[in-house]
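A quick write-up on the structure given underneath.
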Ligand code: NAD
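In this note's numbering, the protein residues as written are 102 to 560.
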């Protein structure tokens, strides 16, 4: 494929970056109210472009309008409203207490904008995953360069038009293009890079960021397991897992990637999954394409087909696989498609050991009626987030930090956590003009035995 990094794009990147560097201080110094106004303006502009956005998402991913509305657009309205409502307390100075060595000082933490930030987004929720970090970046008072995914070109074009309509490029600008454009952007000393995408590219981003010691938030992928305890309502679990796995044709970072079910319940669970899939995605044995998205590209289809063929060969309809060996490709890499392997267990310890022997997941799902079993699994495993007796819905609460751990990511997003990602927590101490206690530790030390004794007691 031809690179999208033309000389014009290279020059545009340089021009935008330099302009944002030059403008960054005035954005930082503007009152908090200006940030709220910008967020309101953004919401109004999105509202006015809703139909265009839905059409673009249909073109790129055959996304049903309902899914586009709920997961791409309403999600952003909620994020904007939450930021506007809470921005004043978030951005206010936090006073902290003092100890003996700094008695009489005033100490506080201020949230200052990081400066000029880069946001790189993937294609699976191409609108939401660019806009959500942008809301946090604006709330925190930054300038921003946005790089949408080249694999969702219609959405990328709508995003560009929308941003150009309301922001000048010296504050917020979109640079469209593929990985070559990303590489060029990553060569610049951004103050913060917010990347959403694969673990593989996440490593490339972090390596590039290390050249300038730019801070990073990495929202990555991985295999998110769902564990079904023996005591649950299997029908309810099957219904929820069906939704989580096949929404957006399985192309969701926190989709259940595989399921653990007790060996005695596998048959019943598979039957229930079959009914749930038929009810949700089929109409008289025909796949209901109105409610079932498409695989983003030919290459992604081939990748999935390869995973699928490796385990079994069929077309990529919503599919549940049983008897999958743990060394098959589908149990090694993130599926990110409408295929759900089901693995049986005899004892929950096997499940915990399996999860701990692999990379830490982005999400962990536990279906159980036993608080003791839930606590036991949570205590003995680690994951970016976890959701009990449901899937994916934990992403909808902006009070919760959303993010991964190690290979599934680092840093958090949404609400205050997103605001923090784009802010530097600057510690400031004001020494007392009247009594300066810190002098007691200055040399000469001769004759300061009593002071040392006192410090030993008090510190
Ligand atoms: P990707 O990593 O291939 O691409 C993401 C972005 O990075 C795109 O804008 C792309 O142009 C750019 N890019 C690609 N190669 C690059 C390179 N070599 N150097 C610099 N930039 C490069 O990911 P994708 O296929 O778009 O998205 C799917 C992945 O994203 C899955 O692993 C999924 O789990 C993950 N994801 C994570 C979250 C989350 O919130 N944690 C959300 C959505 C998707």
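Beta carbons: idealized from backbone N, C-alpha and C, even for Gly. This one's a predicted model, so the numbers in the text were calculated from it and none came from an experiment.
Margin query: Using a 10 Å radius around the Cβ and a threshold of 16 neighbouring Cβ atoms, would you call residue 149 buried or exposed?
Written below: Per the 10 Å Cβ criterion, exposed.
Check: Got a sec: does the ligand NAD put a non-hydrogen atom nearer than 6 Å to the Cβ of residue 460?
Finding: Incorrect: residue 460 has no Cβ contact closer than 6 Å to the ligand NAD.
Check: Comparing alpha-carbon positions, which option in 557, 321, 221, 157 lies nearest residue 274?
Finding: Looking only at 557, 321, 221, 157, the smallest Cα-Cα distance to residue 274 is reached by 221.
Next item on the list: Throw me the rounded Cβ distance for the residue 236 and residue 305 pair, which I believe falls under 8 Å.
Entry: Actually they are not in contact, since the Cβ atoms of residue 236 and residue 305 sit about 26 Å apart, beyond 8 Å.
Item checked: Distance between residue 454 and residue 394 (C-alpha atoms, nearest Å) -> Each residue's Cα considered, the two are about 35 Å apart.
Notebook entry, point to check: Can you find at least 3 beta carbon pairs, one from the stretch 281 to 298 and one from the stretch 433 to 442, that sit closer than 8 Å?
Noted result: Judged by Cβ distances under 8 Å, the stretch 281 to 298 makes no contact with the stretch 433 to 442, as fewer than three pairs qualify.
Item checked: the stretch 116 to 124 touching the stretch 266 to 280, judged by at least three CB pairs closer than 8 Å -> At 8 Å Cβ cutoff, the stretches touch.
Note to self: So for residue 500, helix, strand or coil by DSSP?
What the structure shows: Coil, per DSSP.
Check: How would you label residue 262, buried or exposed, when you count the other beta carbons within 10 angstroms and need 16 or more for buried?
Finding: Exposed, because fewer than 16 other Cβ atoms sit within 10 Å of the Cβ of residue 262.
Item checked: contact_flag[the stretch 357 to 374, the stretch 436 to 454] where n(CB pairs < 8 Å) is 3 or more -> Contact holds: three or more Cβ-Cβ distances are below 8 Å.
Checklist line | Distance between residue 418 and residue 372 (C-alpha atoms, nearest Å) | finding: C-alpha separation (whole angstroms): 16 Å.
Note to self: Would residue 125 and residue 218 qualify as a contact pair, given that the criterion is a beta-carbon distance under 7 Å?
What the structure shows: Result no, Cβ atoms of residue 125 and residue 218 do not sit closer than 7 Å.
Next item on the list: Tell me where the beta strand (DSSP E) around residue 246 begins and ends.
Entry: Per DSSP, the unbroken beta strand (DSSP E) holding residue 246 starts and ends at 244 to 248.
Check: Is residue 523 helix, strand or coil by DSSP?
Finding: Coil, per DSSP.
Check: Is any heavy atom in the ligand NAD found nearer than 6 Å to the beta carbon of residue 438?
Finding: Set against 6 Å, the gap from the CB of residue 438 to the closest heavy atom of the ligand NAD is not smaller.
Checklist line | Span of the beta strand (DSSP E) around residue 464 | finding: Per DSSP, residue 464 belongs to the beta strand (DSSP E) from 464 to 468.
Check: DSSP beta-bridge partners for residue 218?
Finding: Residue 218 is bridged to 245, 293.
Note to self: Using the three-state DSSP reduction, which class does residue 313 fall into: helix, strand or coil?
What the structure shows: In the displayed model, residue 313 falls within a helix according to three-state DSSP.
Check: Going by the C-beta, is residue 544 closer than 6 Å to any heavy atom of the ligand NAD?
Finding: No, the Cβ of residue 544 stays beyond 6 Å of every heavy atom of the ligand NAD.
Note to self: Is any non-hydrogen atom of the ligand NAD found closer than 6 Å to the C-beta of residue 344, if you look at the structure I gave you?
What the structure shows: Checking every heavy atom of the ligand NAD against the Cβ of residue 344, none is found closer than 6 Å.
Note to self: Given this structure, state the Cα-to-Cα distance separating residue 484 from residue 318, to the nearest angstrom.
What the structure shows: Rounded to the nearest whole angstrom, the CA to CA distance from residue 484 to residue 318 is 16 Å.
Note to self: Could you pull the DSSP bridge partners for residue 507 from this structure?
What the structure shows: Residue pairing from DSSP places residue 507 in a beta bridge opposite 510.
Notebook entry, point to check: If you compare alpha carbons, which of 364, 195, 345 is closest to residue 529?
Noted result: For residue 529, the closest C-alpha among the options 364, 195, 345 is that of 195.
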